[in-house]
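Residue numbers (this note's numbering): 831 to 1281.
Below is one structure, written out as structure tokens, with a few remarks after it.
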Ligand code: ATP
Ligand code: MG
């Protein structure tokens, strides 16, 4: 079978390989996407040329994975991963192959790949398919199936089970029975995989259109209990009263909502973990209703531990934890302007939109029924009103500074800091007081009181 739509640039690149007497095949996700009728994201090339030969063929080549026979070729604004035909052997730690052996045929190269849908190659330039495991058929049927014996393949590399559930969420595919059944016996191998490789898969799950699909498969196979026990234990933690779902289902529905709304990664993470502390804080009150006092703080602490464990960047950790800690606000019309200003300061202007997103996901996930209108509109109106009004939100927005205080005899140092904070509190309560004249007056009184 031939695939008709080979990109002109790939044909151009193929000609360079042919001129050097070498073969080039398009492999991996790009082929999968083309068979599914989608635009390929990035191009992986397999070749019988050695990394050294590839390096000599092109002007810009970066040795990105030279140990595994991979180099990155930069060509007319594109980056292509070019890997020499190879097999892998001696996986004694379930991490990475100890040894890479080059092989001479594309068929031998395809047989080391994880899933049949990832083991189809298109010969360049004409697009003739090499498909020894009927990957095309599995792609058309929407099936994720290991190449060869699933337990053996998962035993070689414990990341593959997580890749299977990730692809299920990303592509909406089903995992074939024997492949799914091999995940549980392979958990000891998955346990040895590096946290960075696992985190990359978690990120791709969260980036998929319906992350819950992967998390439910993870629960069914034990991957969730192994990798995210804090989340898994929310199963059967009932919270009747306001909620339809147990804590785990609630978290998954919230996460799917955030994904559907195209929320950024920190919001998706926050939606997934915002309630994990409920298990520790659940108590029945005298009326027989479950309460979860302070769960946002426990959830935030547990989330920090999880994200540190997976070595997430500090920026992502801080943002996610902050959103979780602040997710329990309950706006009421009786909030004073000062209360609204304090809310804005506590959350941070730059986090408001993301907190709204988290709150909408949380609200949706109490029932899974879309709310008729955006219940946050009254709060957003108040916040926007206050933000457009020229009022002070931090010490640097005060109409007074340290020099002004020095001029009325306030010494610099911690004492001056205290006075500036008091002035800010005053202005938060009454923005009208944010003029130099009035603030100097107040500062004089404060300094008398403290002095
Ligand atoms: P995407 O790039 O969309 O995540 P992909 O299938 O291209 O999907 P890559 O991680 O880029 O995934 O890998 C390219 C190809 O290399 C895969 O299609 C697969 O054939 C092979 N591969 C990647 N990781 C593994 C692995 N852990 N075990 C076996 N084969 C793998
Ligand atoms: Mg790829």
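Virtual Cβ for every residue (Gly too), placed ideally from N, Cα, C.
### Task
Measure the C-alpha to C-alpha separation of residue 1063 and residue 864 and round it to an integer number of angstroms.
40 Å
### Query
Say the cut is 7 Å; is the CB of residue 783 nearer than that to a heavy atom of the ligand MG?
For the chain, the structure presents residues 831 to 1281; residue 783 sits outside this window and is missing.
### Query
Taking the continuous beta strand (DSSP E) assigned at residue 931, which residues delimit it?
929 to 932
### Task
Name the one or two DSSP bridge partners that residue 908 has.
905
### Query
Buried or exposed: residue 894, going by 16 or more other Cβ atoms within 10 Å of its Cβ?
exposed
### Task
Please report how far the alpha carbon of residue 1086 lies from the alpha carbon of residue 1049, in whole angstroms.
16 Å
### Reference residue 1078; option with closest CA among 1055, 1091 and 1097
1055
### Beta-carbon proximity list for residue 968, same chain, < 6 Å, skipping 5 on both sides
946, 947 and 975
### Task
Check whether the Cβ of residue 785 sits closer than 7 Å to any heavy atom of the ligand MG, and report yes or no.
Residue 785 lies beyond the stretch modelled for the chain, which goes from 831 to 1281, so this question has no answer here.
#### Entry: 8 Å CB neighbourhood of residue 1174 in its chain, flanking five on each side removed
1182, 1213, 1216, 1217 and 1223
### Query
Touch check for the region 1136 to 1143 and the region 1160 to 1179: three-plus C-beta pairs under 8 Å?
no
### Message
At a threshold of 7 Å, does residue 949 count as lining the ligand ATP (C-beta to nearest heavy atom)?
### Response
yes
### Message
Do residue 1028 and residue 984 count as a contact pair if the criterion is CB distance below 8 Å?
### Response
no
### Task
Measure the alpha-carbon distance for residue 910 versus residue 872 and round it to whole angstroms.
7 Å
#### Entry: Proximity winner among 1148, 1093 and 1104, relative to residue 1080 (alpha-carbon distances)
1104
### Task
Between the Cα of residue 988 and those of 943, 851, 1168 and 1016, spot the shortest distance and give me the residue it belongs to.
1016
### Message
Give me the residue from 1004, 1276 and 1266 with the minimum Cα distance to residue 1240.
### Response
1276
### Query
Distance, Cα to Cα, residue 1233 vs residue 1250?
12 Å
### residue 852 and residue 878 closer than 8 Å at C-beta
yes
### Query
What number of angstroms, rounded off, separates the C-alpha of residue 840 from the C-alpha of residue 846?
10 Å
### Query
residue 1163 and residue 1202: beta carbons closer than 8 Å?
no
### Query
How big is the Cα-Cα spacing for residue 1099 and residue 972?
28 Å
### Task
Could you say which of 1242, 1058, 1245 and 1238 lies nearest to residue 1269 if we only look at CA atoms?
1238
### Beta carbon of residue 898 nearer than 8 Å to that of residue 930
yes
### Task
Sort out for me which residues DSSP pairs residue 877 with in a bridge.
854 and 914
### Query
Could you check where the alpha helix (DSSP H) with residue 846 kicks off and where it finishes?
838 to 849
### Query
Taking the beta strand (DSSP E) that residue 953 falls in, what are its first and last residues?
951 to 953
### Message
Just verifying my parser: in three-state terms, what is the DSSP assignment at residue 973?
### Response
strand
### Query
Quick one: is residue 991 buried, meaning 16 or more other Cβ sit within 10 Å of its Cβ, or exposed?
buried
### Message
Considering only the alpha carbon of each residue, which of 1230, 843, 1246 and 1153 lies closest to residue 1265?
### Response
1230
### Message
For residue 1180 and residue 1170, what's the separation of their Cα atoms in angstroms?
### Response
15 Å
### Task
Report buried or exposed for residue 818, applying the criterion of at least 16 other Cβ atoms within 10 angstroms of its Cβ.
The question about residue 818 has no answer, for the chain in this structure spans 831 to 1281.
### Nonlocal neighbours in the same chain, by C-beta distance under 7 Å from residue 1008, ignoring five residues either side
980
### Task
Let me know the secondary structure DSSP gives residue 1201 once reduced to three states.
coil
### Task
Under 6 Å Cβ to Cβ from residue 802, same chain only, skipping five residues before and after it: list those, please.
As displayed, the chain neither begins before 831 nor continues past 1281, which places residue 802 out of reach and without an answer.
### Task
Would you check if the distance between the CB atom of residue 999 and the CB atom of residue 1044 is smaller than 8 Å?
yes
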